[in-house]
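One structure is given here, and the rest of the page talks about it.
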Amino acid sequence: MSLDALRDRLPSYAKDLSLNLSSLASETLLTDQQKWGAFVASAHAVGTGPVIAEVEAAAREAGLTDAAFEAAKAAAAIMGMNNVYYRALHLLKNEEYRTLPARLRMNVLANPGVDKVDFELWSLAVSAINGCGMCLDAHEHELKSRGVPNTAIQAALRIGAVVNAVSRVIASESALVAA
Numbered sequence: 001m002s003l004d005a006l007r008d009r010l011p012s013y014a015k016d017l018s019l020n021l022s023s024l025a026s027e028t029l030l031t032d033q034q035k036w037g038a039f040v041a042s043a044h045a046v047g048t049g050p051v052i053a054e055v056e057a058a059a060r061e062a063g064l065t066d067a068a069f070e071a072a073k074a075a076a077a078i079m080g081m082n083n084v085y086y087r088a089l090h091l092l093k094n095e096e097y098r099t100l101p102a103r104l105r106m107n108v109l110a111n112p113g114v115d116k117v118d119f120e121l122w123s124l125a126v127s128a129i130n131g132c133g134m135c136l137d138a139h140e141h142e143l144k145s146r147g148v149p150n151t152a153i154q155a156a157l158r159i160g161a162v163v164n165a166v167s168r169v170i171a172s173e174s175a176l177v178a179a
């Protein structure tokens, strides 16, 4: 599995991340599409090249379809915009901004090209990485309304957290080498 190559790149101080990456690759609370889509969306949300490459290779090896790849990357893209916008609305003291229409295109939310639950899980993982409480609440609410158990929601959050941490370690170690 390509995640082994990624794990091998992690320094000894990140052993917990390596172990978490391995256990999440074997996660059974999510379908394979949900799990690998969460990995792909999270890797694209952070944007560390070597992590994206290894995660995508692992996801392809696991059988993630082209449609799911496209949707996972779309989740990272749309949440990259929405998380900034809605986090700003939440942080602004002037509540008037919350009453204004967003006037941002978000068509992919209505038709993501995969099961809506899968897309919502991926959007939740990316929203956790990007730190948007409003979006986290909205996606969690949507998932709960569709009968998704807390343990599955937590699994997507765990994937986002670990991929984020692994990406940051790989990026910081690469920066040291380049310096």
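Heads up: the sequence shown begins at 1 in UniProt numbering, then just goes up one per residue.
Glycine included, every Cβ here is placed at the ideal spot set by N, Cα and C.
- Under a 10 Å Cβ-count criterion, Q34 is classified as buried, with 16 or more other Cβ atoms of the shown protein chains found around its own Cβ.
- Here the C-alpha atom of S145 lies approximately 46 Å from the C-alpha atom of L176.
- N164 sits away from N130, with the two beta carbons spaced by 7 Å or more.
- The stretch 54 to 74 and the stretch 26 to 43 touch, with three or more beta-carbon pairs separated by less than 8 Å.
- In the structure shown, G160 falls within a helical segment according to DSSP collapsed to helix, strand and coil.
- With a cutoff of 7 Å on beta-carbon distance, E54 and S2 are scored as near each other.
- Sequence-distant partners of K73 (beyond 5 residues in either direction) whose C-beta falls short of 6 Å from its own C-beta, in its chain, are H44.
- Setting aside the 5 residues that flank it on each side, S127 is surrounded in the same chain by M79, N83, C135, L136, H139, each with a C-beta closer than 7 Å to its C-beta; the list follows chain order.
- The DSSP-derived three-state label of E27 is coil.
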